[in-house]
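Take a look at the structure below.
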Amino acid sequence: MNFPKRVNFQDSEKQLVIVGSKNPVKISCTENAFSEAFSKAFLVNGVNAASGVPDQPKGDPETYLGAKNRAKNAKKTFPEASFWVGIEGGIDDDEHGMFAFAWIYIEDRDGKSSQAKTGTFYLPAQVQKLVQGGMELGEADDTVFAQENSKQQGGSVGILTHGVVDRKAYYSQAIILALIPFLNKNLY
68 MNFPKRVNFQ DSEKQLVIVG SKNPVKISCT ENAFSEAFSK AFLVNGVNAA SGVPDQPKGD
128 PETYLGAKNR AKNAKKTFPE ASFWVGIEGG IDDDEHGMFA FAWIYIEDRD GKSSQAKTGT
188 FYLPAQVQKL VQGGMELGEA DDTVFAQENS KQQGGSVGIL THGVVDRKAY YSQAIILALI
248 PFLNKNLY
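In terms of the numbering used here, the sequence shown is residues 68 to 255.
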């Protein structure tokens, strides 16, 4: 099988990636995903960046906008970077119940952007009820599962999979998928 030529940055210095969040999970998963995708080390830092959406985004458009705004605001805060990443978790409902997911938005210094979405998973009735009552998902998880600050650890996905898939792994795959156009510049 013939794969497209892999992008290989030859810079001797590490490239800087800025995440539009100070959440350690989001920073760590971004560092892992970039290093794995490009087979090199990156310097990854987080900044407080406004999402411009409610604390608990609902639906794809609102959640995607939150990720995009976080990346764009991170770029305004720290324009010297090579990449800016926005990660926004959201919820939505369908005929099966309430489910969780996240959007990833990445922009590079040339203005090229890309996005990807995580997989989805359904939330238990007790969590759904608290979120429907106005509570943010992380807070609802902490309440139902007697956790503290779970969104900066394994998150809902980590709690519900008993640690088999934690928030870091969950986001990392979507970040790599969002990097596809940057890995294949000749195709995108």
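Beta carbons: idealized from backbone N, C-alpha and C, even for Gly.
Can you check DSSP and say which residues form a bridge with residue i?
i, result
"Phe150", "Val84 and Asp175"
"Ser122", "In the sequence as presented, Ser is not what sits at residue 122; that position holds Asp. Note: Asp122 sits in no beta bridge, so no partner."
"Glu155", "Trp170"
What distance in whole Å lies between the Cβ atoms of residue j and residue i, which are believed to be in contact at a cut-off of 8 angstroms?
i, j, result
"Thr210", "Leu197", "6 angstroms"
"Arg137", "Ser149", "With 8 angstroms as the limit, Arg137 and Ser149 do not qualify as a contact, their Cβ atoms being about 17 angstroms apart."
"Val86", "Ala141", "7 angstroms"
"Lys81", "Ala108", "5 angstroms"
"Gly157", "Ala169", "7 angstroms"
Here's the rule: buried if 16 or more other CB atoms are within 10 angstroms of the residue's CB, otherwise exposed. What is residue i?
i, result
"Val194", "buried"
"Ile171", "buried"
"Glu215", "exposed"
Can you tell me where the alpha helix (DSSP H) holding residue i begins and where it ends?
i, result
"Ala183", "It is not in any alpha helix (DSSP H) - Ala183 instead sits in the beta strand (DSSP E) that spans Ser180 to Lys184."
"Asp127", "Asp127 to Thr144"
"Ser95", "Pro91 to Phe105"
Which residues bound the beta strand (DSSP E) around residue i?
i, result
"Asn112", "Phe109 to Gly113"
Whole alpha helix (DSSP H) elements within the segment 187 to 249, 4-residue minimum: 192 to 199, 204 to 212, 222 to 227 and 234 to 245
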